[in-house]
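Novice: Here the sequence shown is numbered in my numbering, starting from 53 and rising by one per residue. No residue lacks a Cβ here, since even glycine has one placed at the ideal position from N, Cα and C. Sharing a structure with you now.
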Amino acid sequence: MKFPYNIHIAIILSAILFSSCAAQETVRERKIIAQPAQQTKIPQDNTLSKVQLPKAEREFRAAWIATVANINWPSRNNLTTAQQKQEAITILDMLQEAHFNAVIFQARPSADAFYKSELEPWSYFLTGNIGKAPNHFYDPLEFWISEAHKRGMQLHVWLNPYRAHHTTGGAVTGESMAKKMSEATYKLRNGMYWMDPSDDKVQDHVSSVIKDIVKRYDIDAIHIDDYFYPYKEYNGGRDFPDQRTWNAYLKVGGTLSKADWRRANVNKFIKRIHEEIKAEKPQVKFGISPFGIWKPGFPAGITGSSQYDELYADAKLWLNEGWCDYYAPQLYWKEDGPQSFSALLKWWESENVKNIHLWPGLNTVGIKNVPDRPAEIIKQIKITRNVLPESKGVIHYSMDGISKSPAMLKALKEIYKEKALVPASPWIKTKPLTKPQLTLQQAGNEVHLRWSSSETPEVFKWILYSKYGNDWQYEILERSEVSKNLEFSQSGKKLNAVAVKAVDRLGNESEYDAKAIR
Numbered sequence: 053m054k055f056p057y058n059i060h061i062a063i064i065l066s067a068i069l070f071s072s073c074a075a076q077e078t079v080r081e082r083k084i085i086a087q088p089a090q091q092t093k094i095p096q097d098n099t100l101s102k103v104q105l106p107k108a109e110r111e112f113r114a115a116w117i118a119t120v121a122n123i124n125w126p127s128r129n130n131l132t133t134a135q136q137k138q139e140a141i142t143i144l145d146m147l148q149e150a151h152f153n154a155v156i157f158q159a160r161p162s163a164d165a166f167y168k169s170e171l172e173p174w175s176y177f178l179t180g181n182i183g184k185a186p187n188h189f190y191d192p193l194e195f196w197i198s199e200a201h202k203r204g205m206q207l208h209v210w211l212n213p214y215r216a217h218h219t220t221g222g223a224v225t226g227e228s229m230a231k232k233m234s235e236a237t238y239k240l241r242n243g244m245y246w247m248d249p250s251d252d253k254v255q256d257h258v259s260s261v262i263k264d265i266v267k268r269y270d271i272d273a274i275h276i277d278d279y280f281y282p283y284k285e286y287n288g289g290r291d292f293p294d295q296r297t298w299n300a301y302l303k304v305g306g307t308l309s310k311a312d313w314r315r316a317n318v319n320k321f322i323k324r325i326h327e328e329i330k331a332e333k334p335q336v337k338f339g340i341s342p343f344g345i346w347k348p349g350f351p352a353g354i355t356g357s358s359q360y361d362e363l364y365a366d367a368k369l370w371l372n373e374g375w376c377d378y379y380a381p382q383l384y385w386k387e388d389g390p391q392s393f394s395a396l397l398k399w400w401e402s403e404n405v406k407n408i409h410l411w412p413g414l415n416t417v418g419i420k421n422v423p424d425r426p427a428e429i430i431k432q433i434k435i436t437r438n439v440l441p442e443s444k445g446v447i448h449y450s451m452d453g454i455s456k457s458p459a460m461l462k463a464l465k466e467i468y469k470e471k472a473l474v475p476a477s478p479w480i481k482t483k484p485l486t487k488p489q490l491t492l493q494q495a496g497n498e499v500h501l502r503w504s505s506s507e508t509p510e511v512f513k514w515i516l517y518s519k520y521g522n523d524w525q526y527e528i529l530e531r532s533e534v535s536k537n538l539e540f541s542q543s544g545k546k547l548n549a550v551a552v553k554a555v556d557r558l559g560n561e562s563e564y565d566a567k568a569i570r
């Protein structure tokens, strides 16, 4: 078909105009497509096989959370479940903000339980009634473990082996272990009930309680304190009434003195607990926090009570033998006095022949005869860092000394200004974490980093390294943090390399993945 000339010209002009518009649309489309491409993937053939990374800071920073007598948590024994949880979160948030990395949680203050147990009753200090479960049921220990780990903090379960009932624990009912094990439990003159440390049934029972906790809960350590045989003032200065088991020992031909027999039974218990924890879960640590003085005169000039002669606790022997993974002697005195903090710390260190961790307990809540309590505690932390440079750390007694003293909290935030990993325990053998994978992507004036591990559940923290100019720097990140943007230039120095490591719950570091940035 033929078209008139003018129609033919119009068709040609329309085709030219359509082609021009289409070309412009294509350009616009290309421009739109090109915009995200500003984030370009940096070639991954830039892996660095050998770099000298700085060592990450390590220091054990822990606080005791006392539940007995509602000292720290819960604040009362009639709180709702929601109120209990909120108080726990407030404590953990405060410690996290101050860069603590562990909590020592008292889950069994007096033969009772802050967790669901078939062996012992729910604690009076939790619900106001021995044996009564929390309203709106939950497992407090499980909750504390989960919330502590969520914040990158270890959870150590603290328990008292032999105390069966505390004076503030309400009436002794049929639910109480003081009644259920009455043949092996004695009422002291101050109203407490105490299990006989030399009774095999007692040792077997406490062993079962500890193994049950280790087996069922994802804890980082079992922790026992200074209560073995009770302090003499608990029984009005009278001797502990263990004549029944003592006579049974003599009847079978026992030859030890009564004092040595008592110590031998406590020694047997300590060694047994250490071995049983390791048999159940080798990665779970065992910590002991004995009274700070072994005997008066050790070291020379030290005066005070003797745990060896009064508590029948040969804490020096346990340290010498390495029957635990860390030791926290309660050095609750000032530096300048008859129980010199540094003198005692150095003596305990001289007895640490197995080179386990030595993290002294500090009396953050009530150190006496000092004009400035925060200043004294900070001084003691500095002394500890100087005396124990390879395994720094302390435990603060108790949380009230931090939460109820703005001056103390401020001082601790200053001395704990940077995050720190817990010191590793190389004698605990574990499978090394695999090397994480690091990927980079350029995004304008920044580089976007992402990293991952094939063993994500085993990762507790990350260490991210960056090199500006010739200087490496690092930061410790929580396990939920798996990406970060870094500027290409900082203080006039160019970013030329990055690296990442994974860290497990015991503080062990993986190999690094490092990349050059060109």
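1) Please return the same chain residues whose Cβ sits closer than 7 Å to the Cβ of Ile-467, not counting the five positions on each side in sequence.
2) Measuring only the C-alpha atoms, how far is Glu-109 from Ala-472?
3) Give me whichever residues DSSP pairs with Ile-500 in a beta bridge.
4) Would DSSP call Thr-219 helix, strand or coil?
5) Looking at Gln-391: is its Cβ nearer than 7 Å to the Cβ of Gly-356?
6) Just verifying my parser: in three-state terms, what is the DSSP assignment at Thr-131?
7) Can you give the beta carbon distance from Thr-225 to Asn-187, rounded, assuming they're within the 8 Å contact cut?
8) Between the segment 136-146 and the segment 504-513, do at least 3 Cβ pairs fall closer than 8 Å?
9) Determine the DSSP secondary structure at Tyr-360, reduced to helix, strand or coil.
10) Tell me which residues share the same chain as Leu-490 and place their Cβ nearer than 8 Å to its Cβ, disregarding the 5 neighbours each side in the sequence.
11) For the segment 304-313 against the segment 229-244, are there 3 or more C-beta pairs whose distance is under 8 Å?
12) Thinking just about the alpha-carbon of each residue, which of Pro-478, Ala-554, Glu-442 is nearest to the one in Lys-487?
13) Leaving out five residues before and five after Asp-270 in sequence, what residues of the same chain have Cβ atoms less than 7 Å from its Cβ?
14) Compute the distance between the beta-carbons of Glu-227 and Gly-183, then report whether it is under 7 Å.
15) By DSSP's criteria, Lys-406 is part of a beta bridge. Which residues make up the other side?
16) Which whole-angstrom value describes the C-beta separation of Phe-177 and Asn-124, a residue pair presumed to lie in contact below a C-beta threshold of 8 Å?
17) Label Thr-99 either buried or exposed according to how many other C-beta atoms from any shown protein chain fall within 10 Å of its C-beta, with 16 as the threshold for buried.
18) Within 10 angstroms of its Cβ, does Arg-570 collect 16 or more other Cβ (buried), or is it exposed?
19) Measuring CA to CA, which of Asp-523, Arg-531, Gly-544 is closest to Gln-104?
20) Skipping 5 residues on each side, what residues in its chain have a beta carbon closer than 8 Å to that of Lys-465?
21) Could you tell me how far apart the beta carbons of Ile-447 and Gly-413 are, in whole angstroms, since I believe they sit closer than 8 Å?
22) I need the boundaries of the beta strand (DSSP E) containing Trp-514, first residue and last residue.
23) Relative to the C-alpha of Asp-251, which candidate in Ser-175, Ala-300, Trp-479, His-208 has its C-alpha closest?
24) Do the CB positions of Trp-346 and Tyr-364 come within less than 7 Å of each other?
25) Could you tell me the distance, in whole angstroms, from the CA atom of Ser-358 to the CA atom of Lys-462?
26) My output table needs one value for Thr-99: the three-state DSSP class, helix, strand or coil.
27) Between Leu-410, Thr-416, Lys-469, which lies nearest to Lys-444 when the distance is taken from Cα to Cα?
28) Could you tell me which of Phe-350, Trp-400, Ala-352, Ile-262 sits nearest to Val-336, measuring between CA atoms?
29) Just the Cα atoms here: how many angstroms apart are Glu-285 and Glu-362?
30) Tell me the DSSP secondary structure of His-448 in three-state form.
31) Of all the alpha helix (DSSP H) runs that stay within the bounds of the segment 377-402, which reach a length of 4 or more residues?
32) Between Phe-275 and Trp-375, which are expected to be in contact by the criterion C-beta below 8 Å, what is the C-beta distance as a whole number of angstroms?
33) Between the C-alpha atoms of Val-318 and His-217, what's the straight-line distance to the nearest angstrom?
34) Could I get the ranges of all uninterrupted beta strand (DSSP E) runs contained in the segment 290-362, with 3 residues as the minimum, in chain order?
35) Counting C-beta neighbours from all protein chains within 10 Å, is the total for Thr-482 16 or more, i.e. buried, or is it exposed?
36) Measure the Cβ-Cβ separation of Leu-396 and Leu-383 and say whether it is below 7 Å.
Specialist: Taking the structure as given:
1) Counting from 1 along the sequence shown, the entry for residue 467 is found at position 415. So the list reads Ile-430, Ile-433, once near-sequence residues are dropped.
2) By 1-based counting over the sequence shown, the position of residue 109 is 57. By 1-based counting over the sequence shown, the position of residue 472 is 420. Spanning the two alpha carbons is a distance of roughly 5 Å.
3) Mapped onto the sequence shown, residue 500 falls at position 448. In the sequence as displayed, the identity of residue 500 is His instead of Ile. His-500 pairs with Gln-493, Asn-537.
4) Counting from one through the sequence shown, the residue named residue 219 turns up at place 167. Looking at Thr-219 - three-state DSSP - the assignment turns out to be coil, as it is neither helix nor strand.
5) The residue given as residue 391 occupies position 339 in the sequence shown. The residue given as residue 356 occupies position 304 in the sequence shown. Their beta carbons are under 7 Å apart, which means Gln-391 touches Gly-356 by this criterion.
6) Within the sequence shown, the letter at position 79 stands for residue 131. Reading the sequence as shown, one finds Leu at residue 131 and not Thr. In the structure shown, Leu-131 sits in coil (DSSP, three-state: anything other than H, G, I, E or B).
7) Taking the first residue of the sequence shown as 1, we reach residue 225 at position 173. Taking the first residue of the sequence shown as 1, we reach residue 187 at position 135. About 19 Å separates the two Cβ atoms, so there is no contact after all.
8) no
9) In the sequence shown, the residue the question calls residue 360 occupies position 308. Reduced to three states, the DSSP call for Tyr-360 is helix.
10) Stepping through the sequence shown from its first residue, residue 490 is reached at position 438. For Leu-490, where only same-chain residues beyond five positions count, the Cβ hits under 8 Å are Leu-501, Arg-502, Trp-503, Val-550, Ala-551, Val-552, Asp-565, Ala-566, Lys-567.
11) no
12) Within the sequence shown, residue 487 is the residue found at index 435, counting from 1. The shortest C-alpha separation from Lys-487 is found at Ala-554.
13) Position 218 of the sequence shown holds residue 270. For Asp-270, where only same-chain residues beyond five positions count, the Cβ hits under 7 Å are Ile-197.
14) For the purposes of this step, residue 227 is taken as residue 175 along the sequence shown, with counting starting at 1. For the purposes of this step, residue 183 is taken as residue 131 along the sequence shown, with counting starting at 1. In contact: Glu-227 and Gly-183 (Cβ atoms closer than 7 Å).
15) Taking the sequence shown and counting its residues from 1, the one referred to as residue 406 is at position 354. Beta-bridge pairing links Lys-406 to no other residue.
16) On the sequence shown, position 125 is the one that residue 177 refers to. On the sequence shown, position 72 is the one that residue 124 refers to. Actually they do not touch by this definition, with Cβ atoms about 11 Å apart.
17) Along the sequence shown, one-based indexing puts residue 99 at 47. Result: exposed.
18) Walking along the sequence shown from the start, residue 570 turns up at place 518. Flag for Arg-570 reads exposed.
19) In the sequence shown, the residue the question calls residue 104 occupies position 52. Answer by Cα proximity: Asp-523.
20) Working through the sequence shown from its first residue, we reach residue 465 at position 413. Contacts found: Glu-149, Ala-150, His-151.
21) In the sequence shown, residue 447 corresponds to position 395, counting from 1. In the sequence shown, residue 413 corresponds to position 361, counting from 1. About 5 Å; that satisfies the 8 Å criterion.
22) The sequence position of residue 514 within the sequence shown is 462, counting from 1. Element bounds for Trp-514: 513-520.
23) Here residue 251 refers to the residue found at position 199 of the sequence shown. Measuring from the Cα of Asp-251, the nearest candidate turns out to be Ala-300.
24) Position 294 of the sequence shown holds residue 346. Position 312 of the sequence shown holds residue 364. Not in contact: Trp-346 and Tyr-364 (Cβ atoms no closer than 7 Å).
25) Locating residue 358 in the sequence shown gives position 306, where the first residue counts as 1. Locating residue 462 in the sequence shown gives position 410, where the first residue counts as 1. If you take the alpha carbons of Ser-358 and Lys-462, they lie about 35 Å apart.
26) Mapped onto the sequence shown, residue 99 falls at position 47. If DSSP states are grouped into helix, strand and coil, Thr-99 belongs with the strands.
27) The sequence position of residue 444 within the sequence shown is 392, counting from 1. Nearest C-alpha to Lys-444: Leu-410.
28) Position 284 of the sequence shown holds residue 336. It is Ile-262 whose Cα lies nearest to the Cα of Val-336.
29) As a position in the sequence shown, residue 285 is number 233, starting the count at 1. As a position in the sequence shown, residue 362 is number 310, starting the count at 1. Near 10 Å, if we compare the C-alpha coordinates of Glu-362 and Glu-285.
30) Counting from one through the sequence shown, the residue named residue 448 turns up at place 396. If DSSP states are grouped into helix, strand and coil, His-448 belongs with the strands.
31) 393-402
32) The sequence position of residue 275 within the sequence shown is 223, counting from 1. The sequence position of residue 375 within the sequence shown is 323, counting from 1. Reading off the sequence, residue 275 comes out as His, not Phe. Their Cβ separation, rounded to whole angstroms, is 14 Å, which puts His-275 and Trp-375 out of contact at 8 Å.
33) For the purposes of this step, residue 318 is identified with residue 266 of the sequence shown, where counting begins at 1. For the purposes of this step, residue 217 is identified with residue 165 of the sequence shown, where counting begins at 1. Cα-Cα distance, rounded: 20 Å.
34) 337-340
35) Locating residue 482 in the sequence shown gives position 430, where the first residue counts as 1. It counts as exposed.
36) For the purposes of this step, residue 396 is taken as the residue at position 344 of the sequence shown. For the purposes of this step, residue 383 is taken as the residue at position 331 of the sequence shown. A contact, by the Cβ cut-off of 7 Å.
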